[in-house]
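Take a look at the structure below.
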Amino acid sequence: MRLIPLGGRITAMRQRISERLVLPQRFKGTIVEKWVTYWNNLVRDYTEVAVGVVRESYAKPKKALAYGTGLYALYQAAQNNPGEEAFMTLMRRETNKMITVAPGQQNPVSAEYLLLLERAINQNKLRLLSLGICTLLWVDLYDEDDCTYPAICEYTNVGLMNFHERVIDVGFWNQYWRLKWKMRNYDVNYL
């Protein structure tokens, strides 16, 4: 393998660079010298970690492949994390599809869910919480602009223990999955 002596090559290259770059005498014992020492140590530590990762990936290729695939999947999930604009676009699209069906032929579950979303938006209670790889859509107790005491008191806000009861949708991979699930059979053939 050619990459195994990579650590020796990197060490030799770092040695040549440190011989060429010499700190002037006037900076000895100052904060500049400490700063240069800090960055030299940081670069050395990270190069040792990188060389160690390459060596371990050659020793255990299946483990390296699993880690690489997992990190790439997390990266792609973060890149495709939907936001508020994506939710509003999907909701408008589903509402437009629902409007084309007569009220007597609409699935009551789908119609009720869209009504819940519309009311939350109109009352300014709909909130989005982005977690990096997914987005939680939840309904708050009070309007964003409400300045009354119950709205700003920390004891009347939605807490962590009952937050899961307020979540109405989860966005992942450019989709809001509950909205998609509720609207799968929205017309007369919903049985």
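The numbering of the sequence shown is my numbering, which starts it at 21 and goes up by one.
We put the beta carbon where it would ideally sit given N, CA and C, even for glycine.
A quick note: this is a predicted structure, and the numbers were derived from the prediction, not measured.
Three-way DSSP call (helix, strand, coil) for residue i in this model
i	result
R204	coil
W55	helix
L175	Here the sequence assigns Tyr to residue 175, which means Leu is not the residue at that position. Note: Y175 maps to coil in three-state DSSP.
V121	coil
M21	Residue confidence is low: M21 scores 47 on pLDDT, short of 50, so the model does not pin down where it sits. Its coordinate-derived value is still stated next. DSSP places M21 in coil when its eight states are reduced to three.
Y196	strand
G191	strand
Y169	helix
G49	coil
V42	coil
E164	coil
L62	helix
G103	coil
L180	coil
Contacts around residue i, its chain only, beta-carbon distance under 6 Å, and the 5 residues preceding and following it disregarded
i	result
A84	S77
P170	T176
Span separating the alpha-carbon of residue i from that of residue j
i	j	result
K200	I37	58 Å
Q96	I172	37 Å
W138	T168	According to the sequence shown, residue 138 is Glu rather than Trp. So the alpha carbons of these two residues sit roughly 24 Å apart.
V42	F192	52 Å
L110	W158	16 Å
M21	V74	Note that M21 has pLDDT 47, beneath the 50 cutoff, so the model's placement of it is unreliable and no number is given.
V178	D163	13 Å
E114	E174	36 Å
V187	L136	12 Å
F107	Y196	7 Å
K54	A79	37 Å
P81	T89	12 Å
L62	L91	24 Å
L134	Y87	40 Å
W59	V69	15 Å
Residues near residue i in its chain [Cβ-Cβ closer than 7 Å; skip 5 each side]
i	result
V129	K202
Q143	D163
Q45	none
T57	none
F47	E53
Residue i, enclosing beta strand (DSSP E) - first and last residue
i	result
G90	That residue, G90, is in no beta strand (DSSP E); its alpha helix (DSSP H) goes P81 to Q99.
R147	L146 to S150
L156	T155 to V159
Other residues of its chain near residue i: CB distance less than 8 Å, five sequence neighbours each side excluded
i	result
I153	L94, A97, A98, N101 and F192
D207	V121, Q125, Q126 and N127
T67	I30 and R34
Start-to-end residues for the alpha helix (DSSP H) that takes in residue i
i	result
V129	P128 to N142
E185	F183 to R186
Check: On the three-pair Cβ rule with 8 Å, is the segment 145-161 touching the segment 111-119?
Finding: Counting C-beta pairs with one atom in each stretch, the segment 145-161 and the segment 111-119 have fewer than three that are closer than 8 Å, which means they do not touch.
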